[in-house]
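Shown next, in structure tokens, is the structure this report addresses.
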Amino acid sequence: MAYSLKKEVEKPERLVGGHRLCAGCGASIAVRGVLRALKPEDKAVITNATSCLEVSSFLYPFTAWQDSYIHSAFENAGATAGGAEAAYRVLKKKGKIDETFKFIAFGGDGGTYDIGLQSLSGAMERGHDMVYVCYDNEAYMNTGIQRSSSTPRFADATTTPVGTVIPGKPQNKKDLTAIIAAHNIPYAAQTTFISNFKDLHEKAEKAIYTEGPAFLNIMSPCPRGWRYDPENLAEICKAAVDTCVWPLYEIEYGVWKLNYEPKKKLPVEEFLKLQGRFKHMFKKGNEWMLEEAQNYVDQKWETLLARCK
Amino acid sequence: MTIRDRLSGNEAVAYAMKQINPDVMGAFPITPSTEIPQYFATYVSNGEVDTEFVAVESEHSAMSTCIAAQAAGGRAITATSSCGMALMWELLYVASSARLPVTMALVNRALTGPININNDHSDSMGARDSGWIQIYSETNQEAYDNFIQAMPIGENKEVRLPVMVCQDGFITSHAVENIELLEDEKVKEFVGEYCPENYLLKKENPLAVGPYDISNYYMEHKKQQAEAMKNAKPVILSVAKKFEELSGRSYGLFEEVEMDDAEYALVIIGSSAGTAKEAIRRLRKEGKKVGLIKIRVFRPFPMEELAKALGHVKAVAVMDKAESFSACGGPLFAEVRSALYDLDHRPKAINYVYGLGGRDICVEDFAYIYDQLDEIVKTGKTGETYRHIGQRELGGGR
Amino acid sequence: MKDIVEIRWHGRGGQGAKTACLLLADVAFSSGKHVQGFPEYGPERMGAPITAYNRISHDRCTVHSNIYNPDYVVVVDETLLTSVDVTKGLKEDGAIIINSDKKPHELRPLLRGYQGKVYTIDARKISEETLGRNFPNTPMLAAAVKVSNVVDAEHFIQNMEASFKHKFASKPHVVAGNMNALRKSLEEVDAG
Amino acid sequence: MIKKASEINETTPWQEMTVGGEIYEGGTAALVNTGDWRTYTPGFLAEKCTHCMLCIPYCPDSSIPVKDGKRQNFDLMHCKGCGICYKVCPMKAITFDKEGA
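Just so you know, the sequences run in chain order A, B, C and D. Heads up: the first sequence at position 252 corresponds to 252 in the UniProt record's numbering, and the numbers run straight through without jumps. Heads up: the second sequence at position 365 corresponds to 365 in the UniProt record's numbering, and the numbers run straight through without jumps. Heads up: the third sequence at position 33 corresponds to 33 in the UniProt record's numbering, and the numbers run straight through without jumps. Heads up: the fourth sequence at position 101 corresponds to 101 in the UniProt record's numbering, and the numbers run straight through without jumps.
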């Protein structure tokens, strides 16, 4: 059925208000976007890696989740979702359950790119029927904006502060979506919040309703960590896509597909200039940073185009 | 009635698992527990159980799998040893605080530094405060019997705590000995169905597990956990009683050997208790009033019961198969000596750390320890309380 | 048989000393005895010297230590005699059984002054003649039973036949070969 | 004895709290007033709204109700005043002002 935002927003919210995430947080937008793709009649078990999302969405005795929810630790959301799914399979086999349940794990980039990567990789390889969603805000925001392997080069983070000798994070961002795709799982994709959420919705729907393991990487801006006014979230997401810093693509059973190609690929500055974490890159004498950032984006974009041919 | 067989400790535990037919097993290989998931995987492959066997990529994920599966409404088991359990450490606390009665077969092995694959209790003793019920086994028979009793204990509504059933790596896990097995139906009936009140996959209402607990709630939840551990004691005894009716084999919080008139006693855990029993048999023939207490249940700790059982002895040697580097004694010593504190007439107490990393202890060593107790009573001088036995020393030593 | 018999096995990793030790435990168990069969474990791989133990008793033996004063020692590979102190702690009224084509008196000089009984059996020859391959386990097991007498020889034969028939149900010739190996071994143990 | 989430608070004795911090109902966070975090408040100009619904998925706090295909006025109990909706509205049907101003 064709996507209709109007229809989709009529569905009951599965993440209610009253959670304690920051004003303008991308994480809850990602969660709402993904859960909207669930058929209302299907139940879900949500797993959460320790993260901003986790500590804000289930502060005893208040859960923001309408569905069953389990948090156990930082680095094990993959295994946790897999464990619940394994129990589901056996209880279903034994005739103890007849409802349909879907298994969705949410982790930040710290819990996904870094400390939870092993558990995620294991769960993907074992083939659990689950979706792992990374809401990628490019640093450890829960503990106070420390760099992760998802933090882009030159970003000012509290463990890669811009100093007189080192200009922010020295390393480039890890390409996690490609790493997960290399597990040869049925479905992997990356998306963010643009226009009417069609891209996110359709990817979430495919991820949830494709049998077997699926992975969604959702760029989810963090106003505090990226240093911008919360109201500008949509603008930043659009810039990320139009500069090809965060391309929208999916990999279905090993086939790469580009979902959006900007009519005019914007220079990377258009994304960087909106955020305080990259402010130093625009100082006189730092032109080389912008140049290197542009070169990196160009090279990654060309690689992606080649893969999607 | 019962089935006579000869099995290693690992085979025995795997066989108990098969008879129980749990819902999910999450496991990762580590010596010396590896055989348990291996045997179990064979049962899975041959369709002898319905279990979803999740061969995870680490022990951390093994325990994560078990926690989620148990929360989902299934019965979850694992087996591990040593560093494997150390890697689970974070999640041991999660399982117990979320009140999920996961069952673990722990095949005790020394913790690394340096690496060593042989037996001691440093792994489980390191996790003694993680909120798990800990039951120790002397023999393959006890490992089997204890594993069958674990679920009725842990799943009891007044308890709801995870249980680890420990046996000594290689010493019992890889040693074939005679064993009496129960019929499948009897085990199934004894263990029963797992019927939690709330679980993730429940149709009627959702369940949220693992909150962020601010200071205003955390302590109340810890108090609940502490109470649950207290509740476990009578439950352990009543499950043991039912098990005795089924099997004829009797279990308590600890086993007393020749304690009625004993003047000198050992307190010990695990397989070496059997070796000490042989020493007692020989020394009793010489008219020496020696006895021992073998701790079966270390968590909850049988504090009052131990004080009562040791009230009449003159001297006691507490045997620790784990270091705690307190510079004053091992973990069992600390707790046993604390138990003795309330007695009006306390026995003299010394500690022996023994058997680390598979260092053998034999009948003669126990005879020597009873001699030492005799010496302490005769001279009235306890001397050094924190002792080690079995290591080489300049100028000899025991 | 005494109340308790303790046996120590010496072999090399991969040779089957551990299997023979567990088989002996099986055989003794089937004759109603209490048994223990346990190998000593280390990080060693194939070819390294290994030790395994049996305790066989009328009543349950609770001891869980290694065996330091065995009644019998079984050496599955005679090349170990020069590198391992195989008679260490071996009771003088006990015996050592060695897999070798040599006579006992030829090996005694290698036994570091051991004064007790020495038996040899050419397990390789028997195995190759009866099974077509060098599987020293079956002959060594038979020799251990014969010398230690932990199980009545007739009972042993019957029991092993049942076990082989179960194990090799689809290969009757293997059963026959193994039974031949056992019978031959019981006859060909050399005392000295 | 065990209370519902709405009845559990910082005076509840341990005996009456749910075991292990479990909660047996969905969405109890809806009871929490996060609206008082707000310094800027969005306003809804119903006459300008075309009900394109673009603002709704962008709201991190589920504060824009929908009924019978129509966008409703804000649920200010949970709105933290981030202003994303104000920026994404193509019809300028959302205002964004300092609280109380």
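Backbone N, C-alpha and C fix where the C-beta goes; we use that ideal spot for every residue, glycine too.
In the three-state scheme derived from DSSP, where H, G and I count as helix and E and B as strand, residue 251 of chain A is classed as strand. By the C-beta criterion, the stretch 15-33 of chain C is judged not to be in contact with the stretch 103-112 of chain C, since fewer than 3 inter-stretch pairs fall below 8 Å. Scanning its chain for C-beta atoms nearer than 6 Å, with the 5 sequence neighbours on each side dropped, one finds around residue 243 of chain B the residues 149, in chain order.
Here residue 45 of chain A carries a strand assignment [DSSP, helix/strand/coil].
For residue 49 of chain D, the closest of D/33, D/70, D/99, D/80 by C-alpha to C-alpha distance is D/70. By the Cβ neighbour-count rule, residue 376 of chain B is buried, with 16 or more other Cβ atoms within 10 Å of its own. Separation of the CB atoms of residue 81 of chain A and residue 52 of chain A is rounded to 19 Å, and the pair is thereby denied contact status at 8 Å. In summary, residue 160 of chain C is buried, with 16 or more beta-carbon neighbours lying within 10 Å of its beta-carbon over all protein chains present. In this structure, the beta-carbon distance from residue 137 of chain A to residue 247 of chain A does not fall below 8 Å. Beyond the five residues adjoining it in sequence on each side, residue 175 of chain B comes within less than 8 Å, by CB distance, of 8, 9, 140 in the same chain, given in chain order. Scanning its chain for C-beta atoms nearer than 6 Å, with the 5 sequence neighbours on each side dropped, one finds around residue 294 of chain A the residues 268, in chain order. The three-state reading of DSSP puts residue 275 of chain A in coil, since its state is none of H, G, I, E or B. The residue from C/5, C/176, C/178 with its alpha-carbon nearest to that of residue 90 of chain C is C/5. Runs of beta strand (DSSP E) with 3 or more residues, each lying fully within the stretch 4-33 of chain B, are found at 24-27, listed in chain order.
In this structure, the CA atom of residue 162 of chain A is about 13 Å from the CA atom of residue 289 of chain A. Within the stretch 27-114 of chain C, the alpha helix (DSSP H) runs of at least 4 residues that lie entirely inside it are, in chain order, 104-107. Proximity of residue 53 of chain D to chain A, defined by a Cβ-Cβ separation below 8 Å, is satisfied. Chain D places no beta carbon closer than 8 Å to that of residue 55 of chain A, leaving this residue out of the contacts.
As summarised for the stretch 9-66 of chain D, the continuous alpha helix (DSSP H) elements at least 4 residues long and confined to that stretch are 55-58, given in chain order.
Boundaries for residue 65 of chain A: no beta strand (DSSP E) harbours it, and the DSSP string shows neither H nor E there. Secondary-structure assignment with DSSP links residue 191 of chain A through a beta bridge to A/218.
By the neighbour-count criterion, in which 16 or more other beta carbons inside 10 Å mark a residue as buried, residue 15 of chain D falls on the exposed side. Rounded to the nearest angstrom, the gap between the Cα atoms of residue 342 of chain B and residue 299 of chain B is 20 Å. About 5 Å separates the beta carbon of residue 317 of chain B from that of residue 369 of chain B, a gap short enough to meet the 8 Å contact definition. In the three-state scheme derived from DSSP, where H, G and I count as helix and E and B as strand, residue 265 of chain B is classed as strand. Distances from the alpha-carbon of residue 228 of chain B to those of B/371, B/99, B/63 put B/99 closest.
When A/224, A/237, A/188, A/229 are compared, the shortest CA-CA separation from residue 250 of chain A is found for A/188. When 7 Å is used as the limit between beta carbons, residue 59 of chain C is near no residue of chain B, the shortest such separation being about 11 Å. Assignment of residue 246 of chain A by DSSP, reduced to helix, strand and coil, places it in the coil class. Taking the CA atoms as reference points, residue 6 of chain D sits about 19 Å from residue 55 of chain A. About 12 Å separates the CB atoms of residue 85 of chain D and residue 52 of chain D; that is not less than 8 Å, and the two are not in contact. In this structure, DSSP gives residue 146 of chain C a helical state, which the three-state scheme calls helix. In the structure shown, residue 108 of chain A falls within a strand segment according to DSSP collapsed to helix, strand and coil.
In the DSSP assignment, residue 164 of chain C falls outside any beta strand (DSSP E) and lies within the alpha helix (DSSP H) extending over 153-167. DSSP places residue 9 of chain C in the uninterrupted beta strand (DSSP E) bounded by 4-12. DSSP lists A/107, A/217 as the beta-bridge partner residues of residue 134 of chain A.
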